[in-house]
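Report on one structure; see the data block that follows.
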Amino acid sequence: MPEPTKRAPVQVPVEWPEVGEVVVVKVDRILDYGAFCSLQEYAGLTGFVHISQVATSWIKNIRNFVKENSVRAAQVLKIDRQKNQIDLSFTKVTSGVERRTLEGFKQSKRAQHLFEVLAREHKKPFNTVWSEVAEPLMEKFDSLYEALQAIAIEGESACNDAVPAQWIASLVGVAQKNIEVSQKSVKALVKVEVPTSTGIVSIKKVLSS
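Residue numbers (our numbering): 2 to 210.
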């Protein structure tokens, strides 16, 4: 009697998004009535974009509006955890929100890669670097990429109270070598008034100093 075929274990998602959340997805398969996508920030989760949620205009050919392997931002419409099913929408995401979401995702991936570099430099497991360096920085900054930007600009002073001493020199080196800090110039008109007879003298003194 042949042995029963063993089925591969089903991967149970550890984390789920929330309804209304904007997530980053990769388009895996396109059908005439919608597209199946994998959620890039949630391991093991896939979602479906119905054709009515692909574009606001009339769609004759869905492939004119969405491409396989493209990376998009989508809003979560509905979640059924028992069926492991997530309904998504492209139409609920404005171009501005999509641009910011994808940029944030790229920055997050970039930051993770740099922490992998840090782990290799110290010959430590990535999980060790994550718990000892990344997590403390996330408590201090809004994102890891923002933390790396601050470290690239300010050096050790940006991480002294958050990162153990043995990591600081390498972390500063990685940030300053790999993070490009954009420079901006700001121009403005300033009106200054000193309501005294010697006002002009006071203003000149302050501006010259």
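For glycine and all other residues, C-beta sits at the position ideal for the given N, C-alpha and C.
- The Cβ-Cβ distance between Val94 and Gln108 does not fall below 8 angstroms.
- Between Tyr34 and Ile60 a beta carbon distance of about 10 angstroms is seen, past the 8 angstroms cut, so the two are scored as non-contacting.
- With contacts defined by Cβ atoms closer than 8 angstroms, Val173 and Ile152 form a contacting pair.
- When rounded, the separation of the alpha-carbon atoms in Arg73 and Ile63 is 15 angstroms.
- Across the set Ala36, Ser71, Val191, Ser90, the C-alpha of Ser90 shows the shortest separation from the C-alpha of Val20.
- Between Val134 and Leu119, the beta carbon gap of about 7 angstroms places them in contact (Cβ cut-off 8 angstroms).
- If the five residues before and after Ala159 are omitted, its C-beta is found closer than 8 angstroms to the C-beta atoms of Ala148, Ala151, Ile152, all from its own chain and listed in chain order.
- Your pair Ala163 and Leu145 does not check out as a contact, with CB atoms roughly 12 angstroms apart and the cut at 8 angstroms.
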